[in-house]
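Protein chains in written order, with this note's numbering: chain A, 57 to 347; chain B, 912 to 1164; chain C, 33 to 326. Virtual Cβ for every residue (Gly too), placed ideally from N, Cα, C. Have a look at the structure below, then the notes.
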Amino acid sequence: MNGPADLRLGRRKRADLFFRVLAAASAALVLLSLLLILGTILWKSIPALSFSMLTKTPQGGFYLGKEGGILNAIAGSLYLAVGATALAFLLSLPLALYLNLYKGKGSKTAAWTRFFLDVLWGVPSIVYGAFGFIIMLALGLRASLLAGILTVALLEFPILCRAIDEVMRLVPRELKEASDSLGATRFETAFKVFVRQTAPGILTGVLLAFGRGIGDAASVLFTAGFTDRVPTSLADPAATLPLAIFFQLGTPFPEVQQRAYASAAVLTLIILLISLAGRAMSRKATRHVVK
Amino acid sequence: MNGQTPISIRNLSVFYGDLQVLKDVSLDIPANRITVIIGPSGCGKTTLLKSLNRLLDDTEGVRIRGQVVLDGEDIYAPRTEVTRIRKKMGLLSQRPQVLPMSIYENVAYGPRIHGLRARRDLDRRVEHYLQVAGLWDEVKDRLREPASVLSVGQQQRLCLARGLAVEPEIILGDEPTSALDPQSSQNVERRLAELKRDYTVVVVTHILRQARRVADYLAFLYLGELVEHGPAADVFAAPRDPRTRAYLTGEIS
Amino acid sequence: MRLLKDALARRAMGLVAALPALLVLLIVAGLFLKSKAILAVEPLSKLLFSSAWHPLKGEFGLLPFITGTVWVTVTALVLAVPVSILAAIYLSEYAPRWVREGAKPVVDLLAGLPSVVYGVWGVILVVPFVGNVLAPLAGVHSSGYSILAGGIVLAIMTFPTIIHVTLEVFASVPQALRDASLSLGATRWETTRHVVLRKGAQGILAASVLGFSRAFGETMAVLMVVGNVPAVPRSLFDAGYPLPALIANNYGEMMSVPSYDAALMTAALVLTLIVLFFNVLARRILVRVERRVR
């Protein structure tokens, strides 16, 4: 080969290598940032992590560095996320079924509904918080577990609904038609075929929404209230983990701040567990679903 | 035959994971002829074609054993420069793949990458190969329009011009007419027949009649195995292998 | 009986289908009604473009908060967009399959971490880093609680959104098109730059806009590291006070000061409208891209 062409080829190959390395470094940066976050939180939390933290509610002077744990927040968060996810599920499942069974592929209604779901999905959680607060006042509720559940359910609804919708869209048309042609009404088709077929995927969506719900702080800031006790009824105010972390970090006492780190570690572990469970589910989903 | 073999395939085996798609294929491709590879779909025709310009390397889980010798150089040797190999071959795919740019830029893309910068040289080259591809008269007034406005048949000829513009020695066609209407197909076939004066052409097809129309040299692949090959007239007239005979008479497809 | 059940189910589901649109409407209407009290007495332009924030004197200029939000968001995007797109290029064009598959849970997890966890991390690591390392390097003094700290934390939070959408856009570019470019003798990078990026340009734009609208409304993580000083920031090392943080911080006391409530609701309304605008924009582009691919 002649000289200039070789020279040029060399330059082109160096450019290729340069961008390859740059792109790989960027990907590594993303990966590292996750490791750094998890590592920092866990490392910082070690001094304050203890078993009693999980089993005790805050005692007198807890926020000054005295005895106690964050059971109130753990329980509050779990109640709240379970309630909100259940409520969101009750709204999402019928809507996703409706979009996939009653509406054909080119349906305008379905396209618009999905569009509005996406819009809702983009609404910041602080706005849900403010909106929840307005609703709460309108209904004459106080800041309580119930008000928190309602607000977080609104937040989870678009996430869950889109997740279920996505799995259901993957169900082959033939399956639906086969069931229809056997004389089943659409209602039966819906439950017998669709729900069973997509169950693992639906569950993954539920876990995703649950994780979002349990980790969100801005939406419960005004609606769920905060208390040192474990709530015993829907009308009680409820503490939540994210807010407990936020408040503990806001105190001037190092001991309490360390507990904030530990609480953050607990929340992170919960999220990790949920995400692992979700992955296990979706792996199962791809194995059992008829393609 | 003039005795030259620009591409010589030697004991080539290709695996997708555990699946062996090509089994020990050896084939010398004659220069300045149209070599047609026929066989039922899924028997490794496209794989064989793609192995010639190393497009398979990028596919995940592919293992390749054996040699492909191009102008005396093993293209799978570690030191071989892959972009140089590919520059020597123009590829026509099943559906025309126009690049997301103007008609002009589609043809100029290759030469530009390989260092042709001067405006006049580029203009001349674009016009020349659009003419060779039989497209110039149809597009000369709208070279700046996006290539996607062309009909599918025109797009395929644009792809031909684009492939020729890097001045390759060999033209590879992967069922190049399968997405085209009969008239456009005929047009492309006629181009290929003209091009064999200057190029070596390798075409994959599962359309037997097309093979009869254009082939000078014929290779029959069946389940990854090269069953039979030879001058097209001989193979069509008197296939030696019973499987070739069965395929040519339409008993297997 | 079966038919009746079917008819009932259909009717009920039809009602549920109207829910998303209704909710969007309700949220906007609710916020608007609540902000009417102040919109009636103060001109909107004064609310949006005045930087005088003295709630006790009845002055509610939102400018410092709007600029604060814009600064933090833009900083985040300047950091996040190039990194995310390059990471997506690596994962989609260069990386072997096991890396690509392995990266997915990482991106998902990054998206799933609660914002308060990001905030805690920011306080532990990013704020001191900005205060003790970056600020001295830039020759300024900063507590670390700053626009830059907020931008860094927010950038990491927007990685998953942008990467996810960009990867989908790249996946929609047919492999045969890449092959066409490669078979002309183009390198991977040339193919990526001239073919994949060009083909996916609109989708990447949409991904970035989506990242923007996500970042714009983020509350807790930013609130915890950005300093919350109600003044228009002058540099990256200054503290800022974004809109969401304003709402979150002041909700408790708002009942006692008249029209404070309405001012905060106006802030929420402005925030919502901006986010919705960009969100709708991004979705529109994506729908167009999807239609073109098919």
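Strand pairing of residue i, partner residues [DSSP]
i	result
A1130 (chain B)	B:I948 and B:H1140
R974 (chain B)	B:F926
T1111 (chain B)	B:I1081
R921 (chain B)	B:Q978
S1003 (chain B)	First, the amino acid is wrong: residue 1003 (chain B) is Leu here, not Ser. Per DSSP, B:G1084.
Residue i and residue j closer than 9 Å at C-beta
i	j	result
I945 (chain B)	D1127 (chain B)	yes
A273 (chain A)	V155 (chain C)	no
V179 (chain A)	G249 (chain C)	yes
L259 (chain A)	C217 (chain A)	no
V1115 (chain B)	G1084 (chain B)	yes
I1064 (chain B)	V1099 (chain B)	What sits at residue 1064 (chain B) in the sequence shown is Gly, not Ile. Taking 9 Å as the Cβ cut-off, G1064 (chain B) and V1099 (chain B) qualify as a contacting pair.
S1059 (chain B)	V1009 (chain B)	yes
A143 (chain C)	T224 (chain C)	no
A348 (chain A)	T283 (chain A)	Any property of residue 348 (chain A) remains undetermined from this structure, which presents chain A solely from 57 to 347.
A280 (chain A)	L143 (chain A)	no
A119 (chain C)	V86 (chain A)	yes
P274 (chain C)	T101 (chain C)	yes
G349 (chain A)	L210 (chain A)	Here chain A has residues from 57 to 347 only, and residue 349 (chain A) is not among them.
L216 (chain C)	G1001 (chain B)	yes
G257 (chain A)	S148 (chain A)	no
A1130 (chain B)	H1117 (chain B)	no
L127 (chain A)	T111 (chain A)	yes
I975 (chain B)	D969 (chain B)	no
F302 (chain A)	Y283 (chain C)	no
S133 (chain A)	T254 (chain A)	no
DSSP three-state assignment for residue i, whether helix, strand or coil
i	result
E984 (chain B)	strand
G178 (chain A)	helix
E123 (chain A)	coil
K934 (chain B)	strand
P1057 (chain B)	strand
M1012 (chain B)	coil
V138 (chain C)	helix
L308 (chain C)	helix
G1026 (chain B)	coil
G281 (chain A)	coil
W55 (chain C)	The residue asked about is misnamed: residue 55 (chain C) is Leu in this sequence, not Trp. Of the three classes helix, strand and coil, the one that applies to L55 (chain C) here is helix, per DSSP.
D272 (chain A)	coil
R306 (chain A)	It is worth fixing the name first, because residue 306 (chain A) is Gly in this sequence and not Arg. If DSSP states are grouped into helix, strand and coil, G306 (chain A) belongs with the helices.
D1034 (chain B)	helix
T958 (chain B)	helix
D939 (chain B)	strand
G259 (chain C)	strand
G953 (chain B)	coil
G272 (chain C)	strand
V73 (chain C)	coil
D968 (chain B)	helix
G144 (chain C)	helix
H344 (chain A)	At H344 (chain A), the pLDDT of 49 sits below 50, so the modelled position is not reliable; the number obtained from the coordinates is stated separately. In the structure shown, H344 (chain A) sits in a helix (DSSP, three-state: H, G or I).
R266 (chain C)	coil
A166 (chain A)	helix
A1076 (chain B)	helix
L90 (chain A)	helix
I1163 (chain B)	coil
Y283 (chain C)	coil
D62 (chain A)	helix
> Taking a cut of 7 Å between CB atoms, which residues from the stretch 956-982 of chain B lie near chain D?
Replying inline: Going by chain labels, chain D is absent from the structure shown, which instead holds the protein chains A, B and C.
> Taking only runs of the beta strand (DSSP E) that begin and end inside the stretch 178-252 of chain C, which ones reach a length of at least 3 residues, in chain order?
Replying inline: none
> Of all the alpha helix (DSSP H) runs that stay within the bounds of the stretch 82-136 of chain C, which reach a length of 4 or more residues?
Replying inline: 95-121
> Which of the residues in the stretch 198-232 of chain C, read from start to end, lie with their CB under 9 Å from any CB of chain A?
Replying inline: A218, T219, R220, W221, E222, T224 and R225
> Listed from N- to C-terminal order along the chain, which residues in the stretch 170-193 of chain C have their beta-carbon within a distance smaller than 7 Å of any beta-carbon of chain A?
Replying inline: I188 and F191
>> Using a Cβ-Cβ cutoff of 8 Å, what residues of the stretch 980-1012 of chain B are near chain A? List them in chain order.
In response: E992, T994 and R995
> If you measure beta-carbon to beta-carbon, which residues of the stretch 1020-1039 of chain B are closer than 8 Å to chain C?
Replying inline: Y1020, G1021, I1024 and H1025
>> Output needed in chain order: residues of the stretch 129-140 of chain C with a Cβ under 7 Å from some Cβ in chain B.
In response: Listed by position, the residues of the stretch 129-140 of chain C near chain B (Cβ gap below 7 Å) are R129.
> What residues in the stretch 1090-1107 of chain B have a beta carbon less than 8 Å from any beta carbon of chain C?
Replying inline: none
> Mind listing which residues of the stretch 71-94 of chain A have their C-beta closer than 7 Å to chain C's C-betas, in chain order?
Replying inline: A71, D72, F75, R76, L78, A79, A80, S82, A83, L85, V86, L87, S89, L90 and I93
> Which runs of the alpha helix (DSSP H), 4 residues or longer, sit entirely within the stretch 96-121 of chain A?
Replying inline: Taking only runs of at least 4 residues, the alpha helix (DSSP H) segments lying wholly in the stretch 96-121 of chain A are 107-111.
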